[in-house]
Amino acid sequence: QQQVKQSPQSLIVQKGGISIINCAYENTAFDYFPWYQQFPGKGPALLIAIRPDVSEKKEGRFTISFNKSAKQFSLHIMDSQPGDSATYFCAASGQTGANNLFFGTGTRLTVIP
Amino acid sequence: NAGVTQTPKFRILKIGQSMTLQCTQDMNHNYMYWYRQDPGMGLKLIYYSVGAGITDKGEVPNGYNVSRSTTEDFPLRLELAAPSQTSVYFCASSYGTGVYEQYFGPGTRLTVT
Numbered sequence: 001q002q003q004v005k006q007s008p009q010s011l012i013v014q015k016g017g018i019s020i021i022n023c024a025y026e027n028t029a030f031d032y033f034p035w036y037q038q039f040p041g042k043g044p045a046l047l048i049a050i051r052p053d054v055s056e057k058k059e060g061r062f063t064i065s066f067n068k069s070a071k072q073f074s075l076h077i078m079d080s081q082p083g084d085s086a087t088y089f090c091a092a093s094g095q096t097g098a099n100n101l102f103f104g105t106g107t108r109l110t111v112i113p
Numbered sequence: 114n115a116g117v118t119q120t121p122k123f124r125i126l127k128i129g130q131s132m133t134l135q136c137t138q139d140m141n142h143n144y145m146y147w148y149r150q151d152p153g154m155g156l157k158l159i160y161y162s163v164g165a166g167i168t169d170k171g172e173v174p175n176g177y178n179v180s181r182s183t184t185e186d187f188p189l190r191l192e193l194a195a196p197s198q199t200s201v202y203f204c205a206s207s208y209g210t211g212v213y214e215q216y217f218g219p220g221t222r223l224t225v226t
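Sequence order for the protein chains is H and D. For the first sequence, counting from 1, position 30 maps to 30 in my numbering; every step adds exactly one. Heads up: take any position in the second sequence, counting from 1, add 113, and you land on my numbering.
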């Protein structure tokens, strides 16, 4: 059972365009929603994260939009660059265990020059 | 700081063999985790630990064992390897209570044939 559902599976965007990746969850106990970025052959690295008490968080070209009532959150990458080409994972945590993370299935983003 | 280190980087096992994947962190983190990553499936938590001497099962623990005798080390043991254990394994760590960010190692690519 996938606790966090992510779409699309893959995404191709022109340089300078906006990349949008969506995630949905069911467990209302989740209270931390990070996005991880993974380059080929590397481990995931935290990109940006949000708590459910705010609807949006922006860091540079990366923005998380959060809709608590719909139980959805999304990552927007503005002015996408070829260097952003990577796999992106959304995740959620609810203070269980060791703040265990439940990951989405990932989105492979390709930014075309 | 080296962060989270994992050895080996690659390994090929025959069915029925055993091995230990090593994980070490030098950030004095209390929490440590083992994940497996399969194509299109995201990351699944195998085992986690909230401190030396304390471990617990994650989502997919069958076929694996862990121990945590020190804060720094969190080895993952595979007994009687099966083809279904072919995967990329990631170790991660985080500071502990109230801090959610997890830092990932570079991964171990394991093939069981």
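By construction, the Cβ of each residue, glycine as well, lies at the ideal position given by its N, Cα and C atoms.
- H/V4 and D/C136 have their C-alpha atoms some 27 Å from each other.
- Residue pairing for H/T87: DSSP places it in a beta bridge opposite H/Q38 and H/R108.
- F203, C204, A205, S207 and G209: these are the residues of the stretch 180-209 of chain D whose beta carbon lies less than 9 Å from some beta carbon of chain H, given in chain order.
- Within chain D, no C-beta atom comes nearer than 8 Å to that of H/Y88; the closest sits roughly 11 Å away.
- By the rule that beta-carbons nearer than 7 Å mark a contact, H/F103 touches chain D.
- The Cβ-Cβ distance between D/Q150 and D/L158 does not fall below 7 Å.
- Here D/Q198 carries a helix assignment [DSSP, helix/strand/coil].
- Membership of D/R222 in the beta strand (DSSP E) is indicated by the continuous run T221 to V225.
- Taking the C-beta atoms as reference points, D/V201 is found nearer than 7 Å to D/G220.
- Within the stretch 166-181 of chain D, those residues whose Cβ lies closer than 7 Å to any Cβ of chain H are, in chain order, D169 and G171.
- D/M154 reaches chain H at T105, counting residues in chain order whose Cβ is nearer than 7 Å.
- Within the same chain, and ignoring the five residues on either side of H/P8 in sequence, the residues whose Cβ sits closer than 7 Å to its Cβ are T107.
- Taking a cut-off of 8 Å for Cβ pairs, the stretch 14-25 of chain H and the stretch 86-99 of chain H touch, as three or more such pairs fall below it.
- Between the stretch 77-84 of chain H and the stretch 161-171 of chain D there are fewer than three C-beta pairs closer than 8 Å, too few to call the two in contact.
- Secondary structure in the stretch 117-196 of chain D: the beta strand (DSSP E) runs of 3 residues or longer, each lying completely within the stretch, are 117-120, 123-126, 132-138, 144-151, 155-164, 167-170, 177-179 and 189-191 in chain order.
- Around the beta carbon of D/S206, 16 or more other beta carbons lie within 10 angstroms, which makes this residue buried.
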